[in-house]
Structures are given as structure tokens and as C-alpha cells.
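Let me begin by presenting the structure, written as C-alpha cells, before commenting on it.
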DNA sequence: TAGATTGTTAATCGATTAACAATC
DNA sequence: TAGATTGTTAATCGATTAACAATC
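Structure follows, in C-alpha cells:
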């Protein structure tokens with residue numbers, strides 16, 4: 001029943017399913033199975049079926065899953081059956097990389113604007129964007145109705161920027177600064193810190 | 001007892017503990033508690049004590065944990081009480097960003113070389129690095145004894161590059177290409193894909 | 001000593017897997 | 001029909017939490 005609370009760990013796997021399915025679609029595949037999907041992702045077939053069954057019956061016994069249909073359904077579940085405008089704060093290497101990144105198309109996102117507080121950067125262009133003054137961050141994103149942000153400023157600025165974003169109506173933050181940020185419970189936050197991933201692997205190296 | 005198998009989910013939290021502890025150290029703090037650390041990270045104090053107790057007794061009853069001492073111990077556990085050379089493959093926006101990234105120092109890593117297959121890029125400089133021809137990838141990293149790699153090439157090239165890296169002796173891969181890669185069981189792999197993180201959050205937005 | 005916090009146990013909670021009836 | 005794969009249940013497995021004795 002989709003009325004029950006869905007575990008967050010299940011939500012965390014759906015984007016992986018979606019990415020693999022979209023890859024299969026690019027390979028002109030029409031049908032897949034929980035087994036094939038599981039092999040590609042290193043996840044058990046039973047778990048994939050269980051996860052999907054929390055949201056509905058998307059497959060056919062004896063046949064498997066129709067790839068375009070399952071893509072559509074997962075996109076609806078994750079609310080990426082639309083394009084979300086995203087703001088980037090910080091126009092250094094990471095921020096400019098994100099502003100130019102081609103990988104958001106077909107994933108449900110589009111960078112809409114980029115901010116920095118450095119007077120030397122404000123007004124300059126990155127791709128098609130003009131770097132805006134982060135002094136006006138809250139007001140500008142509120143007017144634009146932006147709900148999603150990526151933080152790419154130095155760690156010392158990250159909490160302040162997060163506060164401004166939340167003040168401006170942002171509901172979800174992807175933080176590239178290598179520091180924990182406090183946000184109210186209704187705000188979503190995720191982190192990207194390559195050192196964290198690397199340290200998780202070195203444990204297994206001699 | 002440290003002879004028992006440690007759950008991978010615990011290993012995944014240790015880098016977060018380490019990052020927060022290093023932040024506290026920068027704030028000139030000497031002592032912390034499982035409660036304070038938990039509040040900073042949004043993790044229960046009991047879980048932090050349980051995790052650490054899998055590796056030894058690092059605290060003092062009634063007092064808490066000595067920050068420099070606990071940092072040292074976690075660094076030893078994660079094998080980041082040294083500096084690992086890392087290779088970057090792909091000299092596009094992401095790869096060059098990684099080559100210039102200042103955030104690896106004090107975290108146990110140092111970018112040692114960067115490769116690309118584009119003749120227009122080979123020989124050019126990024127920061128202090130000269131972009132090398134990825135035709136020689138396996139041999140060069142084997143000679144240099146490099147065990148860790150970051151992949152920042154297009155998705156269509158990622159599996160091939162991973163195979164070359166493994167052939168060259170790499171044991172841990174951080175993959176920025178938005179695609180699942182197959183590796184043998186003794187190879188560590190981690191993924192960074194901002195769209196995956198964003199999609200995980202949009203589920204909770206209307 | 002009194003107060004505080006660890007380390008650890010046992011209980012609870014939640015996630016994963018195995019298995020199979022249903023059914024395409 | 002025979003073969004295949006889903007959806008779902010129940011069992012297993014593993015992770016988290018609560019609680020408190022130990023002890024600084």
C-alpha cells in the first residue's frame with residue numbers, strides 16, 4: 001500500500017534503478033527483469049521487486065518490466081517527471097563545473113542561476129550564466145521560486161549560505177563543502193565530499 | 001574485539017566522525033563527547049559509542065574523548081595516517097576541478113597525475129600537472145604504485161577506463177561518470193553523481 | 001564524594017532474503 | 001500448456017537504541 005511510510009533507504013535506491021533503466025533505454029531495450037537490473041547494480045532481485053512493490057504493480061509475471069513504463073513510474077514517484085530549477089552558490093571550480101555540467105538533462109534538473117560574493121567574479125559569465133551577487137541571494141531565489149540549491153563555497157561560508165537559501169524558500173540542499181550543516185527537519189540535505197568516499201575505501205586497502 | 005568483521009555501514013560513518021573531529025580540532029577544542037559529536041552529525045550518541053567500541057576503548061568515563069587522540073585512532077583504522085597518491089582520469093571540468101581541489105590535504109590524499117585521451121589536451125597543464133596520454137595509463141600508474149583512482153570521463157568510456165586502471169594495479173575507484181561499473185570483488189568502488197542525490201531529495205518535495 | 005560519560009548488554013526495531021503461489 | 005517472472009509472505013538477518021554498571 002502506498003499509504004504506508006516508505007523507508008528512506010528505499011527512496012535512496014530508486015534513483016539508481018532509474019539511472020540503469022534510462023541507460024537500458026538508450027541501448028534500445030524494451031523489457032528487463034528484476035534479475036538483470038539487480039546484476040547491473042549489485043542488488044538482489046528480491047530487493048528490487050520488494051522496493052517497487054511498495055509503490056504499485058509495475059511488472060508482468062512471466063515477462064518482467066517494460067522499461068519506458070517503469071522509467072515513467074519511477075520518475076513520477078521521485079517527482080522528476082518535470083524539470084526543477086537549481087541554484088548554484090559559489091563560482092569557484094566546483095560551482096562553475098556544476099553550472100556547465102551537461103549531466104542534469106534528462107535527470108530532472110536544470111541550473112538556473114549562479115551566485116558568488118567575490119566582486120571580481122560578479123558580472124562575469126560562466127557558460128550562459130552571469131554570476132550574480134550573493135548579497136541578493138534570498139530575494140532572488142524567492143522571486144524565481146527556486147526550491148533546490150547546490151552549495152559550492154568554502155566550508156567557513158557554508159552554514160551562512162545554507163541559512164540564506166532556506167530564508168529564500170529552498171527546500172533541498174546538495175552541499176559540496178566538506179562540513180556538516182544544521183538545517184530544520186523539513187529541509188532536505190545531502191552531501192558530496194570525495195574525501196569521505198575515498199576514506200571509506202582505504203579501510204579495505206593495506 | 002577487533003577480530004570480528006566490521007559492518008561496512010560502520011566503516012561508512014567513521015569518515016564523518018573524523019571530519020567533524022578535525023573541524024573541532026581547528027576550533028582548538030581538546031575534548032568532546034559522543035553526545036556532542038552525535039548532535040553535529042545527526043547520529044545518536046549510543047551509535048557513535050557502539051561504532052567506536054568495535055575498534056577499542058578510546059574514551060574516558062566521565063570525561064569523553066580526547067579529540068587529537070581519537071583523530072589519530074580513526075586515521076589509523078581508515079588507513080589515512082599516511083598520504084595516498086591518487087590518479088585522475090579525464091581532464092574535463094570535473095577532472096581538472098579534482099586536480100586543482102584543495103580539499104584533499106589533511107584528509108589522506110594527494111592527486112599525483114592526470115590523464116586524458118584528447119590529443120588537444122595531452123601535454124597541457126592543469127595546476128602543476130601535465131596532462132598525460134591515457135594510452136599509457138596502466139603502465140604509468142603501475143610504475144608509480146598508484147592504488148586509488150578517480151574517473152571523470154564520459155559514461156561511454158568509464159568501464160574501459162576502469163578496466164585499464166585495474167590492470168594497472170588500482171584497488172579503489174571513485175567514479176564521477178553517471179553509470180554503474182562492473183569490477184571484481186576485491187576492487188573497491190564508490191560513486192559520485194549529483195543527480196542521484198538530487199533525485200533522492202525531490203521525492204520529499206511537492 | 002558527586003556528577004558525568006563511557007563501554008556494553010539485551011531488547012527492539014527494521015531491512016533483506018528465501019520461497020512460492022499467482023499469473024502472464 | 002510449459003516456462004518464466006512477478007508480487008508477497010514469512011523467516012532470517014543485521015542494525016539501532018535504551019539502559020545501566022563501570023569508572024573516571
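Protein chains in written order, with our numbering: chain B, 1 to 206; chain Y, 1 to 206.
Backbone N, C-alpha and C fix where the C-beta goes; we use that ideal spot for every residue, glycine too.
If you're wondering where the values come from, they're calculated on a predicted model, not measured in any experiment.
- Residue pairing by DSSP puts residue 172 of chain Y in a beta bridge opposite Y:148 and Y:188.
- Its Cα nearest to that of residue 34 of chain B, the residue B:63 stands out among B:63, B:26, B:12 and B:28.
- Residue nearest to residue 178 of chain B within the set B:148, B:43, B:42 and B:190 is B:190 (criterion: CA-CA distance).
- With the rule of 3 Cβ pairs closer than 8 Å, the stretch 82 to 100 of chain B counts as touching the stretch 140 to 153 of chain B.
- Within chain B, no residue has its beta carbon less than 9 Å from that of residue 32 of chain Y; the closest one is some 14 Å off.
- In the structure shown, residue 85 of chain B falls within a strand segment according to DSSP collapsed to helix, strand and coil.
- Contact between residue 15 of chain B and residue 200 of chain Y holds, since their C-beta atoms are separated by about 6 Å, short of 8 Å.
- Residues of the same chain with a CB within less than 6 Å of the CB of residue 172 of chain B, apart from the 5 flanking positions on each side, are 148 and 188 in chain order.
- Inclusion of residue 29 of chain Y and residue 67 of chain Y in the CB contact set at 8 Å is warranted, their separation being smaller than that value.
- If you look at residue 112 of chain B, you'll find it in the beta strand (DSSP E) that goes 109 to 116.
- For residue 97 of chain Y, the enclosing alpha helix (DSSP H) has its first and last residue at 93 to 100.
- Assignment of residue 73 of chain B by DSSP, reduced to helix, strand and coil, places it in the helix class.
- Under the DSSP assignment, residue 17 of chain Y falls outside any beta strand (DSSP E), being part of the alpha helix (DSSP H) whose first and last residues are 8 to 26.
- Not a single C-beta of chain Y is nearer than 8 Å to the C-beta of residue 24 of chain B.
- Within chain Y, no residue has its CB atom less than 7 Å from the CB of residue 158 of chain B, the nearest being about 11 Å off.
- In summary, the residues of the stretch 185 to 204 of chain B whose CB is separated from some CB of chain Y by less than 7 Å are 188, 190, 192, 194, 195, 196, 197, 198, 199, 200, 201, 202, 203 and 204, in the order they occur in the chain.
- Contact check for residue 192 of chain Y and residue 162 of chain Y: beta-carbon distance about 14 Å, past the 8 Å limit, so the pair fails to qualify.
- Across the structure, residue 50 of chain B and residue 31 of chain Y are spaced so that their CA atoms are roughly 45 Å apart.
- When CB distances to chain Y are screened at a threshold of 8 Å, the residues of the stretch 52 to 81 of chain B falling below it are 77, 78, 79 and 80, in chain order.
- Between residue 151 of chain Y and residue 144 of chain Y, the C-beta spacing is not below 8 Å.
- Contact between residue 21 of chain Y and residue 70 of chain Y holds: CB atoms are separated by about 6 Å, below the 8 Å threshold.
- Between residue 100 of chain Y and residue 93 of chain B the beta-carbon gap is near 6 Å, inside 8 Å, which marks them as a contact.
- Note on geometry: alpha-carbon atoms of residue 195 of chain Y and residue 61 of chain Y lie some 44 Å from one another.
- Judged by DSSP in its simplified three-state form, residue 30 of chain Y adopts coil rather than helix or strand.
- Only 93, 94, 96, 97, 98, 100, 101, 103, 104, 107 and 108 from the stretch 93 to 108 of chain Y bring a Cβ to less than 8 Å from some Cβ of chain B.
- In the three-state reduction of the DSSP assignment, residue 66 of chain B falls in the strand class, which pools E and B.
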